[in-house]
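Peer 1:
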Amino acid sequence: MENCDILIRGGTVIDGTGAPGYRGDVAITGDRIVCVGDCAGWQGAEVIDAAGRIVAPGFIDVHTHDDVAVLETPEMPFKITQGVTSIIAGNCGISAAPLAAEGELPPPFTLMFSAKKSRFADVDAYRAELARAAPAVNVGLLVGHSTLRVGAMGLDLDRGATAAEIEQMGTALERALAQGAIGLSTGLEYPPSKAAAIDEIVPLARRMTAFPHTVYTSHMRDEGDGVLESVRETLETGRQSGARVVISHHKCAGEANFGRSVETLALIAKAQESQEVGLDVYPYTAASTALLHSFAEKCTDVKVMWSRPHPEMSGRMLDDIAAGWGVTREEAIDRLHPAGAIYFCMDEGDLRRIISFPTSMIGSDGIPGSEKPHPRLWGTFPRVLGHYAREQGLLSMAQAVHKMTGLSSAQFGLSDRGRLAEEMKADVVVFDPDTVIDRASYDDPEQPAAGISHVLVNGVVTLENGMQTSRRAGAFLHH
Ligand SMILES: [Zn+2]
Numbered sequence: 043m044e045n046c047d048i049l050i051r052g053g054t055v056i057d058g059t060g061a062p063g064y065r066g067d068v069a070i071t072g073d074r075i076v077c078v079g080d081c082a083g084w085q086g087a088e089v090i091d092a093a094g095r096i097v098a099p100g101f102i103d104v105h106t107h108d109d110v111a112v113l114e115t116p117e118m119p120f121k122i123t124q125g126v127t128s129i130i131a132g133n134c135g136i137s138a139a140p141l142a143a144e145g146e147l148p149p150p151f152t153l154m155f156s157a158k159k160s161r162f163a164d165v166d167a168y169r170a171e172l173a174r175a176a177p178a179v180n181v182g183l184l185v186g187h188s189t190l191r192v193g194a195m196g197l198d199l200d201r202g203a204t205a206a207e208i209e210q211m212g213t214a215l216e217r218a219l220a221q222g223a224i225g226l227s228t229g230l231e232y233p234p235s236k237a238a239a240i241d242e243i244v245p246l247a248r249r250m251t252a253f254p255h256t257v258y259t260s261h262m263r264d265e266g267d268g269v270l271e272s273v274r275e276t277l278e279t280g281r282q283s284g285a286r287v288v289i290s291h292h293k294c295a296g297e298a299n300f301g302r303s304v305e306t307l308a309l310i311a312k313a314q315e316s317q318e319v320g321l322d323v324y325p326y327t328a329a330s331t332a333l334l335h336s337f338a339e340k341c342t343d344v345k346v347m348w349s350r351p352h353p354e355m356s357g358r359m360l361d362d363i364a365a366g367w368g369v370t371r372e373e374a375i376d377r378l379h380p381a382g383a384i385y386f387c388m389d390e391g392d393l394r395r396i397i398s399f400p401t402s403m404i405g406s407d408g409i410p411g412s413e414k415p416h417p418r419l420w421g422t423f424p425r426v427l428g429h430y431a432r433e434q435g436l437l438s439m440a441q442a443v444h445k446m447t448g449l450s451s452a453q454f455g456l457s458d459r460g461r462l463a464e465e466m467k468a469d470v471v472v473f474d475p476d477t478v479i480d481r482a483s484y485d486d487p488e489q490p491a492a493g494i495s496h497v498l499v500n501g502v503v504t505l506e507n508g509m510q511t512s513r514r515a516g517a518f519l520h521h
C-alpha cells in the first residue's frame, strides 16, 4: 500500500478534458494529485466517500472583478460554495494593479469599490497583499487597459492615447506581466476607454507575445446593435497583435439583436480556423454593471443594486424610483450615481446557443460588495450544472465541467490546473449530479448552491459536507 493524505473514493471521475465520467478514485498528497482512477493501492490518512457523486477539477471562474474582494473577504464563500477554486480578476479593463492614482475614479472602477486599500502601484505589491490576506481561492490577475490609461493619462480619458502614452502603458504592461500578471483586458464600452481605437490596443496586445500563454480578454465596444462589428474588431485585434483573444461575457443585448448570436458565433467559429479565440458566458439573461445612461437606454427593465447616495433604493426598479421622485429616468440615474444595476436585456435562445457553443467557457462576472448582487455571484456554476446540463439537457455533465475546468485552464495557460491527472495541483470539487442547483435568485441573491459537498484547494479541504472550513489555501496564479 502507498500512503496519501486524502483519498476521495468511489465517485464518478469527470477529469475536465470533456471525456465522459467513469467510476474511480482520486488520491492527494500535499498540494498535488498522486493517483486518479483505480487507486486501490493507496491508503489515505483521510478518506472522503464520494459514492453517487461526481469528482471533478475545481472550477475556474474566468471572469471576475474580485481583485479587491479576495483581500477583503478572503473566505470567498460565494465562490467556494459553488465549487470554484480559482478566479481570474482584472477583467473588463479594470484591475487593482498597477494603479497608483489617488482620488475618485469613474465607473466602472466602482465595481471594485472598497473602503479599504484597493489600489496597488504594481503587481508585486498586490501579490504581497494577497499573501497576507490568504484567500480561499487561487487568484490570477489580468492587467486592465483602463487601469493603464489612468496611469498614463490621468483622468483625461475622453481621447485616444498619444504615441508616448501608448509607450508608457506598454512599459507598465510588460512590467506587470513580468511580475506575474497573465494577460491584458479591455472594457471598450466604458467611458474611461471608449475613446481608445484599435490602434491603441494592438500595440499593447502585441507586447504580450514576449510572454507565453498570455491572453487578451475584451469587454467589447458594443454588445448591442454593433455586436457584429465589435466581434470583428476583437478578432482583428488578435490577428494584428498575435495575441490569443477571449471575448468576455458574450451576449447580444437589446430586443433588436435577439437571435444574432447565430451570426456572432459563426464569425468566431470561422476565425478559430486561423487564430486563437475563446469566449466566456454567464448563464443568465440579465446583465449587471455600473448604472450608466448608455446601458440603461438599451433596456426596459433596470433594477438598482446599490447606490451610494441612496442606499434605500437597493433592489428597486429604476422606473419605480423615477416615478416616486417625479423625475425622468435620466434624472433618477444622475441622482443615484454612483450606483450599480441589473439590466434585463437578453434572449434565452441566444444564451442557450452561446452556452452550448463548444469553446465557450463559464465565467460569472459576479460583482460582490452590494446588498442585492446579481444572482450570478452565488449561482453561476451550479446553474450551468443543475439547470442547463441536468434539467434542460443542453450539455452533458462532462461538457459542462469541461467549460469550467480543462477548457478554461488551457485558454488561460494554467497548465497545472483544470484537469484531474497525476502531478496536477489538487483543486477538486465533489458534487451530487442529481441535486446540484443554484438557489440564488434576483430577489434573494445571496443563497449558496445545493448539492456541492466538498471543495479542495491545493489539497486543503475548504468545503466539507457542504460547510466551509476555516482553512484558506489559495495561491497566486502565474505562468
Ligand atoms: Zn464586462
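Just so you know, we're using our numbering here: the sequence shown kicks off at 43 and counts up by one.
Positions of the beta carbon are idealized from the N, C-alpha and C atoms, including for glycine.
#1: Quick one: is ARG286 buried, meaning 16 or more other Cβ sit within 10 Å of its Cβ, or exposed?
#2: Hey, how far is the Cα of ARG217 from the Cα of THR115?
#3: Closer than 8 Å is the cut-off here; do at least three beta carbon pairs connect the region 114-132 with the region 176-183?
#4: Could you give the uninterrupted runs of the alpha helix (DSSP H) lying entirely in the region 418-468, keeping only those of 4 residues or more?
#5: Is the region 408-420 close to the region 367-379, with three or more CB pairs under 8 Å?
#6: Between the C-alpha atoms of GLU413 and ARG377, what's the straight-line distance to the nearest angstrom?
#7: Counting only runs that start and end within the region 358-420, where is the alpha helix (DSSP H) found for 4 or more residues in a row?
#8: For the pair the region 485-500 and the region 459-477, tell me if three or more CB-CB distances fall below 8 Å.
#9: Check each candidate in ILE48, MET403 and PRO148 and name the one with the smallest Cα separation from LEU334.
#10: Using the rule of at least 16 other Cβ atoms within 10 Å of the residue's Cβ for burial, across every protein chain shown, is ASN133 buried or exposed?
#11: Could you name the residues, in chain order, whose CB is less than 7 Å away from a heavy atom belonging to ligand 1?
#12: Are at least three pairs of beta-carbons, each pair with one atom in the region 420-436 and one in the region 452-460, less than 8 Å apart?
#13: Leaving out the 5 sequence neighbours to the left and right, which residues in its chain are closer than 7 Å to GLY60 when beta-carbon positions are compared?
#14: Distance, Cα to Cα, THR477 vs ARG95?
#15: For ligand 2, is there any heavy atom lying closer than 7 Å to the beta carbon of MET250?
#16: Put PHE300 into one of helix, strand or coil per three-state DSSP.
#17: What span of residues does the alpha helix (DSSP H) with ASP164 cover, start to end?
#18: Can you tell which of ARG249, THR504 and ASP485 has its C-alpha closest to the C-alpha of ARG514?
#19: Since MET19 and ILE136 should fall inside the 8 Å C-beta cutoff, what is the C-beta to C-beta distance between them, to a whole number of angstroms?
#20: Which residue from ALA365, ALA332 and HIS379 puts its Cα closest to that of HIS352?
#21: Between the Cα of ARG395 and the Cα atoms of GLY202, MET211, PHE300 and ARG263, which residue gives the shortest distance?
#22: If you draw a straight line from the C-alpha of HIS521 to the C-alpha of SER188, how long is it?
#23: Would you call the region 236-253 and the region 265-283 in contact, with 3 or more CB pairs under 8 Å?
#24: Identify whether ALA131 lies in helix, strand or coil by the three-state DSSP scheme.
#25: Looking at ARG169: is its Cβ nearer than 8 Å to the Cβ of PHE454?
#26: By Cβ distance below 8 Å, which residues in the same chain neighbour TYR64 in space, the five residues on each side in sequence not counted?
#27: Going by C-alpha to C-alpha distance, which of GLU278, GLU297 and SER349 sits closest to SER316?
#28: The alpha helix (DSSP H) that contains LEU230, what's its start and end?
#29: Sort SER272, PRO140 and PRO410 by Cα distance to ILE310 and report the nearest one.
#30: Which value, in whole angstroms, describes the spacing of the CA atoms of ILE208 and LEU219?
#31: Please identify the residue among TYR232, ALA175 and GLU171 whose C-alpha is closest to the C-alpha of ARG191.
#32: Relative to the C-alpha of ILE492, which residue among ARG481, ASP485 and ALA175 is closest?
#33: Any beta carbon from chain D within less than 8 Å of PHE101's own beta carbon?
#34: Would the beta-carbon of GLY266 fall within 8 Å of that of VAL288?
Peer 2: The answer reads as follows:
#1: The residue in question, ARG286, is buried, as its Cβ has 16 or more Cβ neighbours within 10 Å.
#2: 28 Å
#3: yes
#4: Listed in chain order, the complete alpha helix (DSSP H) runs (minimum 4 residues) inside the region 418-468 are 418-424, 439-444 and 448-453.
#5: no
#6: 19 Å
#7: With a minimum length of 4 residues, the continuous alpha helix (DSSP H) runs that stay inside the region 358-420 are 360-367, 371-378 and 390-398.
#8: yes
#9: PRO148
#10: Buried, because 16 or more other Cβ atoms sit within 10 Å of the Cβ of ASN133.
#11: ASN133, CYS134, GLY229, HIS261, SER290, HIS291, THR331 and ASP407
#12: no
#13: ALA440, GLN441, HIS444 and GLY448
#14: Across the structure, THR477 and ARG95 are spaced so that their CA atoms are roughly 10 Å apart.
#15: No copy of ligand 2 occurs in the structure displayed; its ligands are ligand 1 alone.
#16: coil
#17: Per DSSP, ASP164 belongs to no alpha helix (DSSP H) and is neither H nor E.
#18: THR504
#19: Since the first residue of the chain shown is 43 and the last is 521, residue 19 is not available in this structure.
#20: HIS379
#21: Out of GLY202, MET211, PHE300 and ARG263, PHE300 has the C-alpha closest to the C-alpha of ARG395.
#22: 23 Å
#23: yes
#24: strand
#25: no
#26: THR54, VAL55 and GLY79
#27: GLU278
#28: That residue, LEU230, is in no alpha helix (DSSP H); it is neither H nor E in DSSP.
#29: SER272
#30: 16 Å
#31: TYR232
#32: Contrary to the premise, residue 492 reads as Ala rather than Ile in this sequence. The residue with the shortest Cα to Cα distance from ALA492 is ARG481.
#33: Note that chain D does not occur in the displayed structure, where there is just one protein chain.
#34: no
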